[in-house]
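Just remember that this note's numbering sits 31 ahead of the position in the sequence shown, which is counted from 1.
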Amino acid sequence: MKELLRKALNAPLHWQIFTAMGLGVLTALSMGDKALTFQPLGDIFMRLLKMLIVPLIFSSITSGVASLGDSRSLGRLSMKTILYYMLSSFLAIVTGLLLTNWIRPGLNVNLPENGIAFNPEGLQTDASIFNLLLRMIPTNPISAMAEGDILAVIFFSIFLGMVITMLPAATKERLSRFFDTFFAVMMKMTHLVIRLAPIGVFGLITTAVASSGFELFQAVGLYFATIAAGLLIHFLVTLPLLLWLFTRIFPPKHLRALSPALGMAFSSSSSAATLPLTMDCLENNSGVSNKVSSFVAPLGATVNMDGTALYECAGVLFIAQVLGFELGLAKQLIVVITAFLASVGAAAIPSAGLVMIFIVLEAVGLGGHPTAGLIVGTMLAVDRPLDMFRTMTNVWSDSIGTVIIARSEGEKLNY
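Shown next as structure tokens:
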């Protein structure tokens, strides 16, 4: 028995989560309504995830932008990098948006409101995109962090990181070291919270099955297929097409060159952990110079999260469909903008996108819905394989961007 318990505790996290999901279903079926007593386990886990949002975004973005170096000498390289990352993330988001609107995986799912009235007409949203952009500029950054105004935190973090690059070398080095250390601490804290995922999933799945049966899981299955299809389209069609259009490089050649890094990304679910291998493949297999790879790839591991952006956009639309709330064109445009900004703030670690999805929910006014957290927690049950594929897509996009920028700088590559 002790040996079995030891093996279970040492099993990979995704197997622990799948096991917890199965135990949650069995517990709910055997205990019925009494299984709702496990709900606090899920609630505590969700609160821990939300606790990480502000410091994780602040440290991640500030550290990443501050790593740009001398803004005068790297201005051209920075502009190319940012433009590519904006383009690839936008294409990923649009792919997720179109697929979710077409497949509509969250329709015809009735969830209980647990006695709490919810009026979709009362959702607070910005009247215009201009107001959304205006709200991004905080009058008090500390207040914005305390109140969880994520868009304002993102804006301030980007601005702060840019200013750090303009400071004298000694001051810049001290501040960069501080924010790098702060980010490392937040990554460690996030790892610790994610390790509690099996306990949280058990509480969330038990509550979901006990209160709403298997309808939700049928929808989550269709949601899984929707996200997987979107990632496949972006990985196999959109990104190779960008590579071909800008470099005339045959995509399978680059795929072979990056295959070790992609395998590492899939197995680790961490762009950060894969970064050394990514840079090694880019320099030794693709022939990219260290000047370009050491700038573009690390920045991509911080701010370029195509798979995460697609997941957040499609995930929020799925939640809105489950809740019976139809997001119009204006609100879907807000989802697109916020999903892009939230993907920039997502850390390059496993399941960071799960934390960031709350940002997009808040932007369209769904963050306070009593059932939204339950649905997000249920989505976590199928998140591990999606997270592995998301990370591989993120690294694939980073590598393609690095090769495109290297070619635009006149470098001769090994293709």
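Glycine included, every Cβ here is placed at the ideal spot set by N, Cα and C. Since we're looking at a predicted model, the values are computed, not measured.
Query	Result
At 4 residues or longer, and completely inside the segment 65–140: list those alpha helix (DSSP H) runs for me, N to C.	70–97, 106–134
Kindly give me the distance between the Cβ atoms of Ala332 and Leu306, rounded to whole angstroms, as I take these residues to be in contact under 8 Å.	5 Å
Report the three-state DSSP secondary structure of Gly359 (helix, strand or coil).	coil
Looking only at C-alpha atoms, which of Ala183, Gly338, Gln363, Leu80 sits nearest to Ile225?	Leu80
With a Cβ-Cβ cutoff of 7 Å, do Thr422 and Ala260 count as a contact?	no
Do you know offhand how far Trp275's Cα is from Thr309's?	20 Å
Can you tell me which of His265, Leu72, Thr58 puts its alpha carbon nearest to the alpha carbon of Ala66?	Thr58
Could you spell out where the alpha helix (DSSP H) holding Phe214 opens and where it closes?	200–225
Given a threshold of 16 other Cβ atoms within 10 Å of its Cβ, counted over all protein chains shown, does Arg438 qualify as buried or as exposed?	buried
Could you give the DSSP three-state label for Arg438: helix, strand or coil?	helix
Only counting the same chain, and skipping five residues up and downstream in sequence, which positions put a Cβ closer than 6 Å to that of Leu253?	Pro136
Starting from Asp337 and walking both ways along the alpha helix (DSSP H), at which residues does that stretch end?	337–353
Gly192 and Val96: beta carbons closer than 7 Å?	yes
Provide the residue span of the alpha helix (DSSP H) that contains Leu286, from first to last.	282–299
Check this for me: beta carbons of Ser320 and Glu442, under 7 Å apart or not?	yes
Taking Tyr342 as the reference, give the member of Asp418, Arg287, Lys322 with the closest Cα.	Asp418
Could you tell me the alpha carbon to alpha carbon distance between Ser91 and Ile406, rounded to whole angstroms?	27 Å
Three or more beta-carbon pairs under 8 Å between the segment 346–357 and the segment 109–116, yes or no?	no
Using CA coordinates, which residue listed in Ala228, Asp429, Leu360, Val391 is at the minimum distance from Ser324?	Asp429
Count the other CB atoms within 10 Å of the CB of Leu272; is the residue buried (16 or more) or exposed (fewer)?	exposed
Under the three-state reduction of DSSP, which class applies to Ser188: helix, strand or coil?	helix
State the start and end residues of the unbroken alpha helix (DSSP H) segment that holds Ser317.	Ser317 -> no alpha helix (DSSP H), and no H or E assigned at all.
Excluding sequence positions up to five away, which residues of its chain have a Cβ less than 6 Å from the Cβ of Ile431?	Leu270, Leu274
Sorted by chain position, which residues of the same chain lie with C-beta nearer than 7 Å to Thr282's C-beta, five sequence neighbours on each side aside?	The residue asked about is misnamed: residue 282 is Pro in this sequence, not Thr. Around Pro282: Pro271, Leu274, Trp275.
Please classify Gly179: does DSSP put it in a helix, a strand, or coil?	coil
Go through its chain and collect everything with a Cβ distance to Thr424's Cβ below 7 Å, but skip five positions before and after it.	Leu262, His265, Phe266, Asp337, Gly338
Near Asp211, what residues of its chain come up, given a Cβ to Cβ distance below 7 Å and the 5 sequence neighbours on each side ignored?	Ser94
What are the boundary residues of the alpha helix (DSSP H) that includes Leu276?	270–278
Between the C-alpha atoms of Asp311 and Ala328, what's the straight-line distance to the nearest angstrom?	11 Å
Since Tyr115 contacts Ile436 with CB under 8 Å, what's their CB separation in whole angstroms?	7 Å
Please state if the CB of Thr238 and the CB of Gly355 are separated by a distance shorter than 7 Å.	no
With 16 other CB atoms within 10 Å as the buried threshold, where does Trp427 fall?	buried
Judging by CA-CA distance, which residue of Met217, Thr196, Phe326, Lys284 is the nearest neighbour of Leu83?	Met217
Ignore the nearest five residues each way along the sequence and tell me which others in Ala370's own chain have a CB closer than 6 Å to its CB.	Ile124, Ala340, Glu343, Cys344, Val391
Could you tell me the alpha carbon to alpha carbon distance between Pro169 and Ile88, rounded to whole angstroms?	15 Å
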